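Residues -15 to 118, numbered by my numbering, are exactly what the sequence shown covers, in order. One structure is given here, and the rest of the page talks about it.
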Amino acid sequence: MTATIPASHRDILEGKNFAHVATLLKDGSPQVTPVWIDVDGDAIVFNTAEGRAKARNLDRDGRVAISVHDQANPYRYIQVRGLVESKTTEGADAHIDKMSLKYTGNATYAGRAANPSERRVIHRIRPEHLQTMG
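Shown next as structure tokens:
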């Protein structure tokens, strides 16, 4: 069942707030990474590079938990548990540039210069459970 992102907290996902994405390692233990976050309808979207721990974890087990707090008021937050709905490399370079502009003000993702062979991938998460505060 898909959960709907409430209008009262949508701005947290749309704003310049970092998300913490929790995935499961092979042994079942949690792994958490801060990421730039995006939202498309009710899907939570983030971009990573193929081969990174969260990408490998999500390929094996698509369950994910995401927590994002409002930088202006850290007692106001949204937590999401859901599943990978899709992943694609198509448009991923343009998307990471969009995220770079949102979070750093730079129209081009600086990490590309450090690792030009890196292959970006977009993960779309379908929220199944939501909890909000504030």
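We treat Cβ as the ideally placed atom computed from N, Cα and C, and that holds for glycine. Nothing here was measured: the structure is a model prediction, and the numbers come from that model.
Closest Cα partner of residue i within the set the options
| i | options | result |
| --- | --- | --- |
| leucine 8 | Gly95, Arg65 and Gly75 | Arg65 |
| alanine 3 | Tyr61, Pro111 and His113 | Tyr61 |
| glutamate 74 | Arg108, Ser84 and Asn90 | Arg108 |
| valine 27 | Glu(-2), Val16, Leu42 and Leu85 | Looking at the sequence shown, residue 27 is not valine but alanine. Checked all of Glu(-2), Val16, Leu42 and Leu85; the closest Cα to alanine 27 is Glu(-2). |
| serine 51 | Asn90, Ile21 and Lys86 | Ile21 |
Backbone CA spacing between residue i and residue j [nearest angstrom]
| i | j | result |
| --- | --- | --- |
| glutamine 115 | asparagine 99 | 37 Å |
| isoleucine 106 | valine 29 | 7 Å |
| alanine 37 | alanine -9 | 32 Å |
| aspartate 45 | asparagine 57 | 33 Å |
| serine 101 | isoleucine 80 | 14 Å |
| alanine -13 | arginine 110 | 8 Å |
| glutamate 34 | arginine -6 | 28 Å |
| serine 13 | glycine 25 | 30 Å |
| aspartate 77 | arginine 96 | 9 Å |
Beta carbon of residue i nearer than 8 Å to that of residue j
| i | j | result |
| --- | --- | --- |
| alanine -4 | aspartate 54 | Reading off the sequence shown, one finds isoleucine at residue -4, where the question assumed alanine. Yes, the Cβ-Cβ distance between isoleucine -4 and aspartate 54 is below 8 Å. |
| valine 19 | valine 5 | yes |
| serine 1 | methionine 83 | A quick correction: the sequence has asparagine, not serine, at residue 1. In this structure, methionine 83 does not lie closer than 8 Å to asparagine 1 by Cβ. |
| leucine 67 | arginine 47 | yes |
| methionine 117 | tyrosine 59 | yes |
| leucine 85 | alanine 91 | yes |
Paired residues, beta bridge with residue i - DSSP
| i | result |
| --- | --- |
| arginine 65 | Ala49 and His113 |
| lysine 71 | His107 |
| asparagine 57 | Asp54 |
Exercise for the section: Identify every run of the alpha helix (DSSP H) within the region -14 to 36, keeping only runs that are complete inside it and at least 4 residues long; order them along the chain. Expected result: Look at the region -14 to 36 and you find these whole runs of alpha helix (DSSP H), each 4 residues long or longer: -9 to -2.
Handout entry: Inside the region 73 to 117 only - alpha helix (DSSP H) runs reaching at least 4 residues
Key = Runs of alpha helix (DSSP H) with 4 or more residues, each lying fully within the region 73 to 117, are found at 76 to 88 and 95 to 98, listed in chain order.
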